[in-house]
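Numbering of the sequence shown is given in the UniProt record's numbering, commencing with residue 1 and proceeding in unit increments. Just so you know, even glycine gets a beta-carbon here, dropped at the ideal spot from N, CA and C. The structure displayed is predicted, hence computed values, not measured ones. All remarks here apply to the structure that follows.
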Amino acid sequence: MSSIKVISDFITKIIRKNILFAITVIIINYHLIQRWTHISNRGISFNDYLSLSVYTCMTISILTMLNVIFYMRKSYDTVKILCRNNFDYFLGISVAVTRNNFIFCCIPIIYAIAYSSLIRTLSIVTIKSTIFILIFEWFLPLTILSIVISFISVIINNLILKITLSSVFLYLTSTKMLDRVIDIKEPFFKALFKSLNIFEDQSYAYYSDFVGKVNNSAYVIDKIIPTLFAITLIIVAYLILNDIRKKQIKSLIVIVVYSILFIGLNYISIDMSTYRDEERSYGEYLKKSNISDIKIKSHDMKIDFKSKSNIKDRIVLLNTSNEELTNINMILDEIFDIKYIKVNSENIKFNKKKDLIEVNLKESLEPNDEVTLDIEYEGYINVLTSWNQNKYIATKDDIMLPPGSLAWYPKVNQSSCMAYKINLSSKNNVYSNLPLLNKTSNFLKKDYIFEGKSNDIAIYAGEFKEEVKDDIKIIYPSDSNVNMDIEEKIKFLIETRNEILGDSKASVDAKKYVDEVDNVMESIKRKKINMILVADLPSNEFLYEDSKGEKISITIYHWLSGNILIIDK
1 MSSIKVISDF ITKIIRKNIL FAITVIIINY HLIQRWTHIS NRGISFNDYL SLSVYTCMTI
61 SILTMLNVIF YMRKSYDTVK ILCRNNFDYF LGISVAVTRN NFIFCCIPII YAIAYSSLIR
121 TLSIVTIKST IFILIFEWFL PLTILSIVIS FISVIINNLI LKITLSSVFL YLTSTKMLDR
181 VIDIKEPFFK ALFKSLNIFE DQSYAYYSDF VGKVNNSAYV IDKIIPTLFA ITLIIVAYLI
241 LNDIRKKQIK SLIVIVVYSI LFIGLNYISI DMSTYRDEER SYGEYLKKSN ISDIKIKSHD
301 MKIDFKSKSN IKDRIVLLNT SNEELTNINM ILDEIFDIKY IKVNSENIKF NKKKDLIEVN
361 LKESLEPNDE VTLDIEYEGY INVLTSWNQN KYIATKDDIM LPPGSLAWYP KVNQSSCMAY
421 KINLSSKNNV YSNLPLLNKT SNFLKKDYIF EGKSNDIAIY AGEFKEEVKD DIKIIYPSDS
481 NVNMDIEEKI KFLIETRNEI LGDSKASVDA KKYVDEVDNV MESIKRKKIN MILVADLPSN
541 EFLYEDSKGE KISITIYHWL SGNILIIDK
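Set out below in C-alpha cells:
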C-alpha cells in the first residue's frame, strides 16, 4: 500500500501542475456562474440546476479520461522502481485522478452555499441535498470512470485502441439513457440499458429537492450495479497483474459472479421504475360508452405508500345510463397489479389490459342504481416521462402525486366532482387539496385522514416549510424562497392574462385561461384561499394565435381546488 500512496501522491502533484487541471477548474466555474446568472432572478433552488449540470460533468469526464490514458503511458522511472508490479501503478493512478475529481466536485458546494445564503434558503437540507448530488451523481461516476479507463489502459498497449474503448465507455455511460430505453419493449433490456447510465441519472435526478432519492430503492440499485462493476475490475486487475496462480480461471470466476449479481439486480429493478415517452393520456378509454355511462360517487382509500405501494379502495359507482350494465370499465395505471375486486365481500371476475380494468358483475346494474366495489392493488409509483416533463413518486417518506397525474386510483371521468376519503401515513408532513379531517403522530410516523369533494386529488409529502402571510398558510419546499416563488408566479399569471385579454384573436382555451386567473385573483382578494402550496404540477400547455398570426404556447402553472391554490414550483 505504501508504494500505491507514493505513486498517487506523485501523480497528483503532476496533474495539478498540468494545464488540463486549470482548464477543468475554469470550465466548472464558468458553467456554475452561467447557471447562477440564469436562476438568480427566479428564486429557484440551486440544487435544481446542480443536478442537471451534465455538461460540466461531461467536461470533467473527458479530461479524466485523457488524464488517465496520458499518465498510464508515461514512464516515471523513479516511481516505477517502487512498484511491485503494474497493479500498484494502475491503482496509484486511479487514486490520483479520483483525488483531483474530488476537488472538482467540491467547487459547486461553495456556489450552493453562497447562492442559498443570498436567497435566504441555506439550511441543513440544502447542504445535505447538495452533497448527496455531488457524491452520487458526480464523484461516484467519475471514480468508476477512472477505474475503468485505468483498467483499459493497463491491459491494452495500443494507444488508438485505448482511446477508442475509453470513448465508447464514456459515451454509453453519459448518454441520456432514459430517452433511449423508452421504446424498448423487453423489460429486462430496458433495465439493462438504464443501468449503463452512471452519469446522467436524470430518470431520478430531475426532481424537486424535497423528494429524497436516498429513499428510492431503484436509485440505490442503479448505483450498486456500476459500483460492483468497478470493484470487479479492481479484483480482475489484481489477479492479472500479479503473479497469481491460475489467474485466468480466478478472473473468470469473479466476472461470472458479477454477471450473476448484475442480472439479478436488473430483474429486481425492472418494475421499480417506469419510463414513458410522454404524459399518459386516458382519452381513448374515456370515450368508450360504457365508461361514460358510469359515475364514481365516492372513494374511500386506505393507502400504504412505501417502496411498493399498497392501496385499498372502496368505490361507489352509479349507472347514469338508460340501460342495465353487466360490465363496468375503469382506468387504473398499468404499473399496478390488482389483488382482488369484490362486491358484497364476494370476489368477482375482472380483466386488466394495460390501463383498462374490465369488471364483470354477477348481477346487472340497473339505471340509476349504485354498486360498491372493494379493490386492492399494489405497484411501484416511480414514473418518469421523457425530457423529465413529469415525475410521480410515492414512498413512505416522499410523495409527489399532483392533480392530473397518472391514474393511481380507479377513474372513469376525470372532470367529475366526487367525494374522497383518504387514510395514509408518512414520516414527513403530508399536504393535499382535500380538507384535513384528522391527524395523529408518534415518534415513527404521522397518520392523516383527508376528506372532501373535488374533481381530482393532489398529495405531496417531503421537506416542506410553512409560513402564514395575510392569514394564508404558504407551504413550500425547504430549499426555496417563498417570497420570490409566490410573487414571481402570481406576477407571471397576471402578465400572461393581460397579454391574452388584449388579443382579439385569442382562442377559446386562451380565454378560459383568463377566466381561471381571474378566479384565482378574485379568490385571493376575497380571502377565499386559506392555503397556497408551491410544488410540482404536470405540464399543461395550449397554443393560441396572437393578432400577428404567431402561435404562442401558454403553460398553466396553477391549480385551484376549493380554498387551496397549488402553484408550480
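I'd like the span of the alpha helix (DSSP H) that includes Asp222, first residue to last.
217-241
Of the listed residues Ile225, Thr274, Lys246, nearest to Val257 (C-alpha basis):
Ile225
If we call anything under 8 Å between Cβ atoms a contact, is Asp471 one with Asn428?
no
What does the Cβ neighbour count give for Gly264, buried or exposed, with the cut at 16 atoms within 10 Å?
exposed
When we look at the beta-carbon of Ile459 and count the other beta-carbons within 10 Å, is it buried (16 or more) or exposed?
buried
For Trp36, name the three-state secondary structure that DSSP assigns.
helix
Can you tell which of Arg35, Arg120, Leu165, Asp88 has its C-alpha closest to the C-alpha of Leu66?
Leu165
Minimum C-alpha distance to Leu172 - residue among Pro141, Leu252, Asp374, Thr372:
Pro141
Contiguous beta strand (DSSP E) assignments of at least 3 residues, all confined to the stretch 336-390
337-343, 350-353, 356-365, 370-379, 382-385
Whole-angstrom distance between Asn100 and Leu406, CA atom to CA atom
44 Å
By how many angstroms is the C-alpha of Ile4 removed from the C-alpha of Ile155?
18 Å
Limits of the beta strand (DSSP E) - the one that Val412 falls within:
Here Val412 belongs to no beta strand (DSSP E), and DSSP marks it neither H nor E.
Identify, in the order they occur along the chain, each residue of the same chain with its Cβ nearer than 6 Å to the Cβ of Leu52, setting aside the five sequence neighbours on each side.
Only weak support exists for where Leu52 lies, its pLDDT of 48 falling under 50; the value from the coordinates is given anyway. Answer for Leu52: no residue qualifies.
For His299, list the residues DSSP reports as bridge partners.
Ile315, Tyr420
Option in Phe450, Asn351, Leu159, Ile93 with minimal Cα separation from Val6
Ile93
Rounded C-alpha distance that separates Ile11 from Leu20:
14 Å
Residue range of the alpha helix (DSSP H) that includes Leu436:
Note, Leu436: premise wrong, no alpha helix (DSSP H); beta strand (DSSP E) at 436-441.
With C-beta atoms as the reference, is Pro402 less than 8 Å away from Leu537?
yes
Just mark Ile566 as buried or exposed, buried being the case when its beta carbon has 16 or more other beta carbons within 10 Å.
buried
Buried versus exposed call for Cys105 [16 or more other C-beta atoms within 10 Å across all chains shown]:
buried
Asp398 - DSSP class collapsed to helix/strand/coil
coil
Helix or strand or just coil, what does DSSP make of Ile135?
helix
If distances are taken between C-alpha atoms only, which option among Leu241, Ile294, Trp138, Ile564 comes closest to Met418?
Ile294
Relative to the alpha-carbon of Pro435, which residue among Asp374, Asp447, Tyr420, Ser426 has its alpha-carbon at the smallest distance?
Tyr420
Are the stretch 326-333 and the stretch 352-371 touching by the rule of at least three beta carbon pairs closer than 8 Å?
yes
Counting only the same chain and skipping the five closest in sequence on each side, list residues whose C-beta sits under 7 Å from that of Ser289.
With a pLDDT of only 43 at Ser289, under 50, the local geometry of the prediction cannot be trusted, and no value is derived from it.
If distances are taken between C-alpha atoms only, which option among Asn563, Glu499, Val534, Asn498 comes closest to Val520?
Asn563
Excluding the five sequence neighbours on either side, which residues of its own chain have a C-beta within less than 7 Å of the C-beta of Ile147, listed in chain order?
Ser94, Ala230, Leu233, Ile234
On the DSSP letters alone, give me the boundaries of the alpha helix (DSSP H) that Gly452 sits inside.
No alpha helix (DSSP H) holds Gly452; the beta strand (DSSP E) holding it covers 446-454.
Would Lys247 and Ile240 qualify as a contact pair, given that the criterion is a beta-carbon distance under 8 Å?
yes
If you check the beta carbons only, do Ile532 and Val517 fall under 8 Å apart?
no
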